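K.L.:
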Amino acid sequence: DKRIRRHLKQTNDSWRVDETYIKVKGQWMYLYRAVDSKGNTIEFCLSKTRDQKAAKRFFKKALRSFHVSKPRAITVDKNPAYPIAIEQLKKEKSIPDGM
Numbered sequence: 001d002k003r004i005r006r007h008l009k010q011t012n013d014s015w016r017v018d019e020t021y022i023k024v025k026g027q028w029m030y031l032y033r034a035v036d037s038k039g040n041t042i043e044f045c046l047s048k049t050r051d052q053k054a055a056k057r058f059f060k061k062a063l064r065s066f067h068v069s070k071p072r073a074i075t076v077d078k079n080p081a082y083p084i085a086i087e088q089l090k091k092e093k094s095i096p097d098g099m
């Protein structure tokens, strides 16, 4: 993880978020990934679950990254956990309310 972090570029404020199911050391896990509109990696995270709690944990991790601009827009797929996590983060004032 730390070896990859030093290669991350400054990102813009338009995020695209998705997750996929991959096998890691024989165990199936969800790989969450966010990129900006230019394809630069914002953040990634492995999780055993694909739920609102995992989505919120992923967004919080992304927002803490040193090279990341606060999102102006977040484009997500049809995962129902994303809107719930985003609304919770808006209530906590972690992301702008007008998104």
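Going by UniProt numbering, the letters in the sequence shown line up with residues 1 to 99, in that order.
Here a beta-carbon is modelled for each residue, glycine too, at the ideal position from N, C-alpha and C.
If you're wondering where the values come from, they're calculated on a predicted model, not measured in any experiment.
#1: Considering only their Cβ atoms, is the gap separating Pro71 from Met99 smaller than 8 Å?
#2: Could you compute how far the alpha carbon of Val76 sits from the alpha carbon of Glu92?
#3: Should Tyr21 be labelled buried (16 or more other beta-carbon atoms within 10 Å of its own) or exposed?
#4: I'd like to check one pair, Leu89 with Phe66: are the Cβ atoms closer than 8 Å?
#5: Beta strand (DSSP E) containing Gln27: first to last residue?
#6: Short of 8 Å in beta carbon distance, which residues of its chain neighbour Asp13, apart from the five on each side in sequence? Order them along the chain.
#7: Please return the same chain residues whose Cβ sits closer than 6 Å to the Cβ of Ala54, not counting the five positions on each side in sequence.
P.N.:
Once the coordinates are examined:
#1: yes
#2: 20 Å
#3: Exposed, since its Cβ has fewer than 16 Cβ neighbours within 10 Å.
#4: Going by C-beta atoms, Phe66 is not nearer than 8 Å to Leu89.
#5: 27 to 36
#6: Asp36, Ser69, Lys70, Pro71, Arg72, Ala73
#7: Within the same chain, Ala54 has close Cβ partners Ser47.
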